[in-house]
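Q: Here's a structure for you.
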Amino acid sequence: MAASPEKLFPGKTFVSTVLDAAEAKVEMSRSITQVYLMRAAMAGILIGIFYLANYTIIAGFVAIDPDLRTVGRLVGAFVFGFALVFIYFTRSELLTSNMMIVTIAMYHHRMRARHASGLLALCLLGNALGGLLIALLVAGSSMIDDTTGELVASSVEHKLDYVTSGASGMLDLFVRAILCNLLINLAMLLVYNGLVKADGVKVLAMNVAVMLFAFLGYEHSVANTVLFVVQGFHGGVAVWPAVANVAIAVVGNFVGGGLLIGWYYAYANDPQRTQRALLREARLVTRGTARSGAATDDARAERVTVDGDELPGA
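All the letters of the sequence shown, read from the start, carry residue numbers 86 to 399 under my numbering.
Here it is as structure tokens:
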């Protein structure tokens with residue numbers, strides 16, 4: 086008995102949900118571009134708020150005891166993990182999760198490459214504008230004038246070192262960016278696949294994914310963009326190394342979320358591709374059987390004929 090398509094392709098619901106989301110995003114970006122930018126800006130705002138909260142929490146633990154820095158990083162990463170939760174439930178637009186969505190849409194010919202790149206560029210612009218707003222607000226306050234500001238500056242310096250240290254540092258940044266968006270879109274896979282119904286489980290999945298990438302030091306292009314803009318208004322930042330950092334992180338994030346999750350699961354859950362492969366295999370088997378049968382008939386003909394005389398019973 087043949088297995089049901091649902092068992093052979095358990096990710097079909099995930100893919101169909103993502104395709105619906107892709108169509109909505111394309112329509113919004115074309116017809117109401119301003120609204121799409123506003124949604125993307127909100128994602129940048131949320132990233133900025135929660136990322137600064139992460140550094141503030143670390144600074145608080147360091148103020149108590151410098152030996153508690155690791156504990157502060159763990160708690161800060163946990164709080165930062167809710168950024169993705171807020172982005173999802175406010176229907177904001179984040180570049181890194183959209184990388185998975187446009188890749189699946191391109192695989193299924195629902196979106197052309199130029200439309201996908203345009204959508205991602207528009208999303209990044211909106212995310213950056215949201216980060217800019219947070220940077221302006223922070224610059225007019227004393228929120229990071231203490232240890233928090235020192236931690237931000239130290240983090241920015243560390244991130245720029247990936248670029249200024251040469252090829253090995255850039256490769257390190259690239260790999261960290263791949264792993265970062267791999268985690269984020271694994272969480273979105275759980276959210277979109279239709280198997281997880283409870284909102285609490287979705288919240289946990291998104292929080293754990295972001296918490297892990299923050300605590301392990303992986304690189305997120307939007308978070309880096311916001312952090313560089315904040316530092317630019319606070320103490321200054323080297324522009325070109327920062328731009329290079331974001332560019333490398335964007336490519337790495339696309340590999341991790343767009344290819345390793347988006348393309349991977351689109352390919353693995355494409356019943357039409359599998360049916361075409363099975364049909365080709367069946368045709369090859371049929372041809373092979375036909376050729377084998379023809380060869381058998383020729384061999385029998387040779388056996389029943391000797392020196393031009395037909396053998397009895399032939």
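Note that the Cβ used here is the ideal one computed from N, Cα and C, for glycine as well.
Quick caveat, the model's predicted, so the values are computed rather than measured.
#1: Since I believe Leu-267 is in contact with Gly-342 (beta carbons under 8 Å), could you give me their beta-carbon distance rounded to a whole number of angstroms?
#2: Output needed for Phe-300: all residues of its chain with C-beta closer than 8 Å, excluding positions within five of it in sequence on either side, in chain order.
#3: What's the call for His-305, buried or exposed, on a 16-neighbour Cβ count within 10 Å?
#4: Apart from the five residues on each side of it in sequence, which residues of its chain come closer than 6 Å, Cβ to Cβ, to Met-113?
#5: Does Gly-347 pass the burial test, meaning 16 or more other C-beta atoms within 10 Å, or should it be called exposed?
#6: What are the boundary residues of the alpha helix (DSSP H) that includes Thr-175?
#7: Do the region 140-148 and the region 224-242 meet, that is, are 3 or more Cβ pairs less than 8 Å apart?
#8: Between the region 311-319 and the region 117-137, can you find at least three pairs of beta-carbon atoms closer than 8 Å?
#9: Using alpha carbons as the reference points, say which of Ser-177, Arg-124, Val-170, Met-185 lies closest to Val-103.
#10: Buried or exposed: Gly-285, going by 16 or more other Cβ atoms within 10 Å of its Cβ?
#11: Using alpha carbons as the reference points, say which of Thr-188, Val-336, Val-322, Asn-212 lies closest to Ala-107.
#12: Sorted by chain position, which residues of the same chain lie with C-beta nearer than 8 Å to Asp-257's C-beta, five sequence neighbours on each side aside?
#13: Between the region 202-209 and the region 169-177, do at least 3 Cβ pairs fall closer than 8 Å?
#14: Gly-216 and Gly-133 - do their beta-carbons sit closer together than 9 Å?
#15: Keeping to the same chain, check which residues put their C-beta closer than 7 Å to that of Leu-271; ignore five residues upstream and five downstream.
#16: So, with DSSP's three-state summary, where would you put Ser-250?
#17: For Val-400, I'd like the list of residues in its chain whose CB is within less than 6 Å of its CB, leaving aside the five on either flank, ordered along the chain.
#18: When the Cα of Thr-175 is compared with those of Phe-135, Arg-124, Leu-204, which residue comes out closest?
#19: What do you get for Ser-202, buried or exposed, if any count of 16 or more other CB atoms within 10 angstroms of its CB means buried?
#20: Report yes if the C-beta distance between His-319 and Val-223 is below 9 Å; otherwise report no.
#21: Return helix, strand or coil for Asp-150, following the three-state DSSP convention.
A: Working from what's here:
#1: 7 Å
#2: Arg-158, Leu-159, Ala-162
#3: buried
#4: Tyr-121
#5: buried
#6: First-last for Thr-175: undefined, no H or E at that position.
#7: yes
#8: yes
#9: Met-185
#10: exposed
#11: Thr-188
#12: Tyr-247
#13: no
#14: yes
#15: Ala-294, Ile-346
#16: coil
#17: With the chain represented from 86 up to 399, any question about residue 400 goes unanswered, as that position is not in the structure.
#18: Arg-124
#19: exposed
#20: yes
#21: coil
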